[in-house]
Amino acid sequence: MSRQRPAKLQKALNVLGPFIGLALVIALFALIPEVQGRFLRFANFKSVATQSVIVALGALGMTFIIVSGGIDLSAASNIALSSVIAAYAINAGAAPLVAVLLGVLTGGLVGLANGALVTRLRLIPFIVTLGMMGIARGAAKWIAGNQKIDAPMTWANELMARSPRPSWLLLAPGVWIVILLAVAMAVVLRYTVFGRHVFAVGSNESAARLCGIRTDRVKILVYSVAGLFCGLSGVMEFSRLTVGDPTVAVGLELDIIAAVVIGGGSLNGGEGSILGTMVGVMIMSFLRNGCTMMGWPNYIQEIIIGAIIVIAVTLDRLRHRGE
Amino acid sequence: MSPEPAAPPVLRMDGVSKSFGATRALDGVSFELALGEVHALIGENGAGKSTMMKILSGAIPPDAGWMEIDGRPYAPAGPADGLRGGISMIYQELTLAPHLTVEENIMLGREVHAAGWLDRKAMKRRVREALELVRHPEISPDIPVRKLSVGAKQVVEIARALLNRARIVVMDEPTSSLSQEDSLRLFEIIGKLKGQGVSVIYISHFLEEVQRVADSYTVLRDGRNVGSGRMAGTRLEDLIQLMVGQTVTRLFPKVEHSIGEVILSLDGLKGARMTSPVSLTLSRGEILGIAGLVGSGRTEMLRTLFGLDEAEGGSVVVSGFELAGAKPWTRIGRGLGLLSEDRQGEGLALGRSVADNMTMSDFTPYRRHGFLRPGRQRRAVGEWIGKMKIKAKGPAQKVGDLSGGNQQKVALARLLHQKAGILLLDEPTRGIDVVSKAQIYEWIGELAREGKAVLFVSSYLPELLGICDRIAVFHRGGLVESRPAPEWDAPGLMAVATVGRACPDHSMSQRIAE
Numbered sequence: 001m002s003r004q005r006p007a008k009l010q011k012a013l014n015v016l017g018p019f020i021g022l023a024l025v026i027a028l029f030a031l032i033p034e035v036q037g038r039f040l041r042f043a044n045f046k047s048v049a050t051q052s053v054i055v056a057l058g059a060l061g062m063t064f065i066i067v068s069g070g071i072d073l074s075a076a077s078n079i080a081l082s083s084v085i086a087a088y089a090i091n092a093g094a095a096p097l098v099a100v101l102l103g104v105l106t107g108g109l110v111g112l113a114n115g116a117l118v119t120r121l122r123l124i125p126f127i128v129t130l131g132m133m134g135i136a137r138g139a140a141k142w143i144a145g146n147q148k149i150d151a152p153m154t155w156a157n158e159l160m161a162r163s164p165r166p167s168w169l170l171l172a173p174g175v176w177i178v179i180l181l182a183v184a185m186a187v188v189l190r191y192t193v194f195g196r197h198v199f200a201v202g203s204n205e206s207a208a209r210l211c212g213i214r215t216d217r218v219k220i221l222v223y224s225v226a227g228l229f230c231g232l233s234g235v236m237e238f239s240r241l242t243v244g245d246p247t248v249a250v251g252l253e254l255d256i257i258a259a260v261v262i263g264g265g266s267l268n269g270g271e272g273s274i275l276g277t278m279v280g281v282m283i284m285s286f287l288r289n290g291c292t293m294m295g296w297p298n299y300i301q302e303i304i305i306g307a308i309i310v311i312a313v314t315l316d317r318l319r320h321r322g323e
Numbered sequence: 324m325s326p327e328p329a330a331p332p333v334l335r336m337d338g339v340s341k342s343f344g345a346t347r348a349l350d351g352v353s354f355e356l357a358l359g360e361v362h363a364l365i366g367e368n369g370a371g372k373s374t375m376m377k378i379l380s381g382a383i384p385p386d387a388g389w390m391e392i393d394g395r396p397y398a399p400a401g402p403a404d405g406l407r408g409g410i411s412m413i414y415q416e417l418t419l420a421p422h423l424t425v426e427e428n429i430m431l432g433r434e435v436h437a438a439g440w441l442d443r444k445a446m447k448r449r450v451r452e453a454l455e456l457v458r459h460p461e462i463s464p465d466i467p468v469r470k471l472s473v474g475a476k477q478v479v480e481i482a483r484a485l486l487n488r489a490r491i492v493v494m495d496e497p498t499s500s501l502s503q504e505d506s507l508r509l510f511e512i513i514g515k516l517k518g519q520g521v522s523v524i525y526i527s528h529f530l531e532e533v534q535r536v537a538d539s540y541t542v543l544r545d546g547r548n549v550g551s552g553r554m555a556g557t558r559l560e561d562l563i564q565l566m567v568g569q570t571v572t573r574l575f576p577k578v579e580h581s582i583g584e585v586i587l588s589l590d591g592l593k594g595a596r597m598t599s600p601v602s603l604t605l606s607r608g609e610i611l612g613i614a615g616l617v618g619s620g621r622t623e624m625l626r627t628l629f630g631l632d633e634a635e636g637g638s639v640v641v642s643g644f645e646l647a648g649a650k651p652w653t654r655i656g657r658g659l660g661l662l663s664e665d666r667q668g669e670g671l672a673l674g675r676s677v678a679d680n681m682t683m684s685d686f687t688p689y690r691r692h693g694f695l696r697p698g699r700q701r702r703a704v705g706e707w708i709g710k711m712k713i714k715a716k717g718p719a720q721k722v723g724d725l726s727g728g729n730q731q732k733v734a735l736a737r738l739l740h741q742k743a744g745i746l747l748l749d750e751p752t753r754g755i756d757v758v759s760k761a762q763i764y765e766w767i768g769e770l771a772r773e774g775k776a777v778l779f780v781s782s783y784l785p786e787l788l789g790i791c792d793r794i795a796v797f798h799r800g801g802l803v804e805s806r807p808a809p810e811w812d813a814p815g816l817m818a819v820a821t822v823g824r825a826c827p828d829h830s831m832s833q834r835i836a837e
């Protein structure tokens with residue numbers, strides 16, 4: 001019996017770990033007098049939340065991929081391509097809803113292609129998605145004629161509005177979408193057969209195969225779902241910029257991967273959680289926000305976030321010691 | 324309970340063949356499994372047992388041949404078909420997902436669900452039942468598998484196989500990582516399965532064990548079925564004869580050797596993962612056996628001694644010098660060499676060549692100005708391959724392509740190549756065939772004759788009694804007793820290993836050892 005208490009305590013620590021990190025980051029800026037007043041305001045939290053939407057959506061899908069033992073380097077290119085497609089569709093006279101769906105679907109197709117290549121060609125995900133990163137980015141530039149696509153304003157641009165209408169929404173519709181999808185994906189990962197199979201494939205793929213799990217199907221599904229999330233993220237990008245920009249989000253895939261890793265995801269597979277990932281996203285967003293308020297230049301932010309990634313993973317390793 | 328002779332076989336395999344490249348792994352093998360029998364599948368490593376079982380499970384397709392289950396043709400397209408056909412495999416290499424819990428592993432691939440939603444309560448109940456059936460109700464369904472001991476992991480695998488409501492259970496070396504106690508429980512479970520009409524194909528290198536559990540046997544050699552029959556009335560020597568196709572005169576060849584001065588002494592050595600300090604001495608030309616149950620601290624002691632685990636106290640003295648800086652590279656420099664119990668995970672780089680694996684710990688002879696001289700390396704390794712009778716195409720062949728026994732010979736050759744004077748051998752004969760075993764015993768004897776010192780950790784008592792000069796027994800993390808080998812017998816060793824002291828009531832220890 002006495003053994004169970006530390007186990008429970010450790011379990012609690014495992015779950016709380018990323019939250020403690022988030023609390024530390026918030027506390028840090030809340031204690032600096034120069035930014036205190038502005039930082040702790042609701043309006044600031046609102047804008048941080050809105051700025052997090054694009055990375056958060058990408059990270060939801062990336063969590064599935066990383067838990068399954070894979071990686072997706074094409075996420076950011078996929079976001080750019082999807083945003084271009086959405087803008088293109090609206091420009092061509094499509095209804096906003098159709099344009100949004102087309103954007104999401106584009107992301108899903110890119111993900112499906114990733115999954116199909118990984119399983120059919122038996123190539124490692126790093127290589128497949130590295131290739132797809134170039135292909136999707138190139139396709140986006142091609143379709144956009146190597147320039148921004150201007151599109152007339154529609155309700156689709158209000159998804160990321162800082163002051164939403166109606167005002168009782170408090171947060172931008174995009175933020176609510178992220179919250180709803182995060183809850184849904186957390187449930188899928190923990191309470192469905194599919195979620196459990198994702199963990200099994202990432203933890204020991206050959207064991208999963210021996211148990212009769214169709215590992216290829218699980219992987220294709222994982223990459224496709226992640227692609228859909230990138231598609232939605234691309235739609236949000238379009239909504240924010242009001243144009244389809246094929247050069248947007250360059251390097252964002254690394255932020256997305258970092259969020260998952262800070263949140264406890266292991267690149268060896270088998271580990272990770274939606275809650276952790278979301279906290280990872282918030283940690284990075286608050287850091288950016290706080291640094292900007294401090295007037296620190298961009299390179300300082302980059303250094304700090306780089307250090308946070310190493311520290312977070314080190315702490316995670318320390319927590320797992322003795323197992 | 325012996326099945327009616329007229330009863331049709333549960334499984335029939337007829338003329339099954341399989342080739343991998345130029346290697347003919349199975350050559351027209353026929354096999355029959357009766358209802359509710361335990362059928363031992365015996366053969367040296369590389370004889371084709373694993374290939375045969377992979378074909379049965381649906382993991383690989385046969386090139387030719389015919390299979391039927393209950394008289395109906397059986398041609399699985401994948402492992403899922405095998406499972407549906409009622410075939411459950413318990414593999415030698417553990418096949419659990421380390422991050423998942425016991426419950427998640429046992430239910431993997433057959434989750435109880437409604438439209439994709441997990442019914443955790445129902446699954447936990449079934450897992451508890453399964454763990455009770457294998458008499459390990461103390462294993463919590465909620466604990467991640469990576470936190471379990473090797474023995475407990477195997478128990479989880481067995482529970483998984485039983486839950487499958489299998490008609491045919493294949494056990495591949497199920498006891499190789501089990502303690503004696505768990506082995507006994509396993510035999511009980513097998514008895515229970517038989518009673519329920521389940522047929523068991525039992526693969527093991529422990530022939531005494533096989534004789535005890537199995538109703539009938541089939542011996543494979545070089546991919547062919549060289550003999551099948553009832554176990555009753557079959558002598559051990561007959562089985563060995565069939566396996567090797569030649570007469571093995573002595574299983575434990577005795578090489579005369581004389582014991583010299585003390586070369587290694589541990590004084591209160593305590594490692595981070597050792598529960599109590601250990602003191603012992605080892606002399607030149609001495610083979611010191613280390614007995615004990617799996618998890619009794621033997622491996623941890625070796626790892627601390629070799630510098631793989633952090634030392635927290637005590638001293639290690641080699642040839643009169645106390646060693647500081649416990650790291651593997653300094654220990655190798657002092658003449659220590661460790662053969663890992665985990666050959667595939669840690670002992671060898673399976674994807675690299677025989678040559679690289681064998682010379683990995685000492686490239687100096689093949690190095691000039693920092694560049695490797697592959698010609699020299701190849702020639703030297705070629706000689707070792709001949710000397711150690713390793714069945715390999717050559718120095719360039721990948722180690723992963725060799726059979727288990729030959730892999731182990733490469734690992735052992737590495738220690739000899741690095742000219743280790745103190746050999747720490749952790750389960751060197753685990754899961755390898757009889758002929759390779761006998762060769763390894765002989766080398767150990769030869770090494771002792773050359774004046775090298777050998778620490779020989781093993782769970783297989785006959786080999787300890789057969790080749791060691793002295794045997795020390797570990798129990799619950801500590802070394803509890805050390806005596807010259809002739810003063811030990813198997814029941815005595817087992818008593819100390821299981822109880823921590825010699826049993827006054829000898830009959831009990833005998834019962835455990837049997």
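Sequences listed follow chains A and B, in order. FYI, in our numbering the residues of the first sequence are 1 to 323. FYI, in our numbering the residues of the second sequence are 324 to 837. Glycine included, C-beta positions come from ideal geometry on N, C-alpha and C.
Kindly indicate which three-state DSSP category residue i falls into: helix, strand or coil?
i: residue 50 of chain A; result: helix
i: residue 610 of chain B; result: strand
i: residue 721 of chain B; result: strand
i: residue 282 of chain A; result: helix
i: residue 430 of chain B; result: coil
i: residue 437 of chain B; result: strand
i: residue 502 of chain B; result: coil
i: residue 192 of chain A; result: strand
i: residue 170 of chain A; result: coil
i: residue 790 of chain B; result: helix
i: residue 197 of chain A; result: helix
i: residue 442 of chain B; result: coil
i: residue 118 of chain A; result: helix
i: residue 641 of chain B; result: strand
i: residue 340 of chain B; result: strand
Does chain B have any CB closer than 7 Å to the CB of residue i?
i: residue 291 of chain A; result: no
i: residue 199 of chain A; result: yes
i: residue 124 of chain A; result: no
i: residue 30 of chain A; result: no
i: residue 307 of chain A; result: no
i: residue 119 of chain A; result: no
So residue i and residue j are in contact, right, with Cβ under 8 Å, and what is the actual spacing, rounded?
i: residue 232 of chain A; j: residue 57 of chain A; result: 5 Å
i: residue 717 of chain B; j: residue 728 of chain B; result: Actually they are not in contact, since the Cβ atoms of residue 717 of chain B and residue 728 of chain B sit about 18 Å apart, beyond 8 Å.
i: residue 258 of chain A; j: residue 277 of chain A; result: Wrong, their Cβ atoms sit about 10 Å apart, outside the cutoff.
i: residue 439 of chain B; j: residue 388 of chain B; result: That belief does not hold up - the Cβ atoms of residue 439 of chain B and residue 388 of chain B are roughly 39 Å apart, past 8 Å.
In its own chain, which residues sit with a C-beta less than 7 Å from the C-beta of residue i, not counting the 5 before and 5 after it?
i: residue 536 of chain B; result: 361, 510, 513 and 525
i: residue 576 of chain B; result: 761, 764, 765 and 768
CB-CB under 8 Å to residue i, same chain, minus the five flanking residues each way: which ones, in chain order?
i: residue 153 of chain A; result: 242
i: residue 171 of chain A; result: 46, 49, 50 and 164
Can you find a C-beta in chain A that's less than 7 Å from the C-beta of residue i?
i: residue 402 of chain B; result: yes
i: residue 464 of chain B; result: no
i: residue 423 of chain B; result: yes
i: residue 351 of chain B; result: no
i: residue 420 of chain B; result: yes
- prompt: Are the region 538-545 of chain B and the region 361-380 of chain B in contact at 8 Å, needing three or more beta carbon pairs?
  reply: yes
- prompt: For the region 581-591 of chain B against the region 623-640 of chain B, are there 3 or more C-beta pairs whose distance is under 8 Å?
  reply: yes
- request: Decide if the region 329-344 of chain B is in contact with the region 82-91 of chain A; the criterion is three or more beta carbon pairs, one per stretch, under 8 Å apart.
  value: no
task: Would you check if there are 3 or more beta carbon pairs closer than 8 Å linking the region 272-291 of chain A to the region 43-63 of chain A?
output: yes
message: Is it the case that the region 200-215 of chain A contacts the region 420-429 of chain B, given that we only count it when at least three CB pairs across the two stretches are under 8 Å?
response: yes
query: Contact between the region 136-155 of chain A and the region 244-257 of chain A: three or more CB pairs below 8 Å?
result: yes
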